[in-house]
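Novice: Residues 4 to 187 in the working numbering are what the sequence shown lists, from first letter to last.
Where is the CB? At the ideal position from N, CA and C, for every residue including glycine.
Source: prediction; values computed, not measured.
The structure under discussion is supplied below as structure tokens; questions concerning it will follow.
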Amino acid sequence: MIKAIAFIHKKKSLSHKEFQLYYESTHCPLAKSLLTFEHYERNYVDLAFSYSNDAIGSISIFKYESEKSLGVIADQMGSSAGDVLREDELNFMDVPLNFYVFTGSSENLTSTFQRKIFYLAMEESDLQMLESQAGLEKISDNLVSDHHEIIGVPEYGIMQHMQLEDLKILQKKFPALIFTNSFS
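Below, the structure written as structure tokens:
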């Protein structure tokens with residue numbers, strides 16, 4: 004599986020709520036009508052925990068079963084459909100700040116999570132940073148091969164029983180964590 008993880012920055016003039024509303028009610032339906040997605044997930048930053056990442060509005064995930072599937076999307080993005088989407092992005096994204104990475108990591112989970120945690124791993128030891136934390140389930144290391152600084156984007160699902168106080172303690176201990184709410 005090929006996974007593209009996009010770090011989407013919101014326009015400074017929008018609140019996070021306005022950003023999410025526009026993304027879900029306008030851009031996402033438009034994208035789904037123009038492109039052939041196999042998997043399209045939006046993970047909106049939860050400011051109750053991720054205040055340090057206030058410019059990032061969403062970590063969006065696109066999954067492809069093969070290079071051929073990825074090629075179909077690339078062709079569609081190179082057409083007028085891509086032009087329409089890029090034009091719409093200007094309505095709610097700070098496009099020059101956006102970036103994405105491709106990963107080839109596998110996922111062994113069939114569970115879906117309403118809330119997730121992501122972070123950027125710059126060193127091998129960073130990949131295991133949350134391994135011993137109760138209430139989290141590792142989804143993937145999301146190993147990155149084509150970036151000169153980021154080696155992975157570890158992705159964890161937050162279990163339903165995880166208490167708010169536990170999440171706040173985790174956020175204080177690891178301020179670089181990005182807490183999100185998932186939509187697909």
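(1) As a quick exercise: from ASP169, LYS176, MET165, LEU139, pick the residue whose alpha carbon is nearest that of PRO157.
(2) Ordered along the chain, which non-local residues of its own chain (more than five positions away) have a Cβ less than 8 Å from that of ASN46?
(3) Do you know offhand how far LYS175's Cα is from ASP169's?
(4) If the criterion is Cβ atoms closer than 8 Å, does the pair ALA34 and LEU73 meet it?
(5) To which residues of the same chain is LYS14 closer than 7 Å at the C-beta, ignoring the five residues directly before and after it?
(6) Kindly indicate if chain D contains any beta-carbon less than 8 Å away from that of LEU37.
(7) Can you tell which of TYR159, ASP86, GLU152, GLU110 has its C-alpha closest to the C-alpha of PHE116?
(8) Please classify LEU173: is it buried, with 16 or more other beta-carbons within 10 angstroms of its beta-carbon, or exposed?
(9) Using three-state DSSP, classify THR29 as helix, strand or coil.
(10) What residue from LEU93, LEU38, ALA124 has the CA that sits closest to SER82's CA?
(11) Between the C-alpha atoms of ALA51 and GLN166, what's the straight-line distance to the nearest angstrom?
(12) In the DSSP assignment, find the beta strand (DSSP E) that holds SER61 and state where it starts and stops.
(13) Give the straight-line distance between the Cα atoms of ARG153 and MET80, rounded to the nearest whole angstrom.
(14) Please go through the same chain and pick out, in chain order, the residues whose beta-carbon is closer than 7 Å to the beta-carbon of GLN136, but skip the five residues on each side of it.
(15) Quick check: what's the CA-CA separation for CYS31 versus GLU126?
(16) Could you check how far apart the C-beta atoms of HIS42 and LYS71 are, in whole angstroms? I think they sit under 8 Å.
(17) Just to confirm my understanding: we take GLY107, look at its own chain, exclude 5 residues before and 5 after, and list those with CB closer than 6 Å. What are they?
(18) Would you identify the three-state DSSP class for PHE116, choosing helix, strand or coil?
Specialist: Let me spell this out:
(1) The residue labelled residue 157 in the question sits at position 154 within the sequence shown. Comparing alpha-carbon positions, the option among ASP169, LYS176, MET165, LEU139 lying closest to PRO157 turns out to be LEU139.
(2) Taking the first residue of the sequence shown as 1, we reach residue 46 at position 43. Excluding positions up to five away in sequence, the list reads SER61, ILE62, SER63, ILE64, LYS119, PHE121, THR183, ASN184, SER185, PHE186.
(3) One-based indexing of the sequence shown puts residue 175 at position 172. One-based indexing of the sequence shown puts residue 169 at position 166. Our two residues, LYS175 and ASP169, have alpha carbons roughly 10 Å apart in a direct line.
(4) Working through the sequence shown from its first residue, we reach residue 34 at position 31. Working through the sequence shown from its first residue, we reach residue 73 at position 70. Contact: no.
(5) Position 11 of the sequence shown, counted from the first residue, corresponds to residue 14. Counting only Cβ-Cβ distances below 7 Å, and skipping sequence neighbours, we find PHE95, MET96, ASP97.
(6) Absent from the structure is chain D; it holds one protein chain and no more.
(7) What you label residue 116 is simply residue 113 of the sequence shown in a count that begins at 1. It is TYR159 whose Cα lies nearest to the Cα of PHE116.
(8) Taking the first residue of the sequence shown as 1, we reach residue 173 at position 170. Burial check for LEU173: the Cβ neighbour count within 10 Å reaches 16 or more, so the residue is buried.
(9) Working through the sequence shown from its first residue, we reach residue 29 at position 26. In the structure shown, THR29 adopts helical secondary structure according to DSSP, grouped into three states.
(10) The count along the sequence shown starts at 1 and reaches residue 82 at position 79. Nearest option by C-alpha distance: LEU38.
(11) Counting from 1 along the sequence shown, the entry for residue 51 is found at position 48. Counting from 1 along the sequence shown, the entry for residue 166 is found at position 163. Using only the alpha carbons, I get a separation of about 14 Å.
(12) On the sequence shown, position 58 is the one that residue 61 refers to. Start and end: 59-67.
(13) Start at 1 with the first residue of the sequence shown, and residue 153 comes out as number 150. Start at 1 with the first residue of the sequence shown, and residue 80 comes out as number 77. It should be noted that the sequence gives Ile, not Arg, for residue 153. The C-alpha of MET80 is placed about 25 Å away from the C-alpha of ILE153.
(14) Locating residue 136 in the sequence shown gives position 133, counting from the first residue. The beta carbon of GLN136 sits closer than 7 Å to the beta carbons of LEU173 from its chain, once the five residues preceding and following it are set aside; these are given in chain order.
(15) Along the sequence shown, one-based indexing puts residue 31 at 28. Along the sequence shown, one-based indexing puts residue 126 at 123. Approximately 34 Å, taken between the alpha carbons.
(16) Position 39 of the sequence shown, counting from 1, holds the residue named residue 42. Position 68 of the sequence shown, counting from 1, holds the residue named residue 71. Not quite, the Cβ-Cβ distance comes to about 15 Å (not below 8 Å), so this is no contact.
(17) By 1-based counting over the sequence shown, the position of residue 107 is 104. Around GLY107: no qualifying Cβ.
(18) As a working note, residue 116 is residue 113 in the sequence shown. In the structure shown, PHE116 sits in coil (DSSP, three-state: anything other than H, G, I, E or B).
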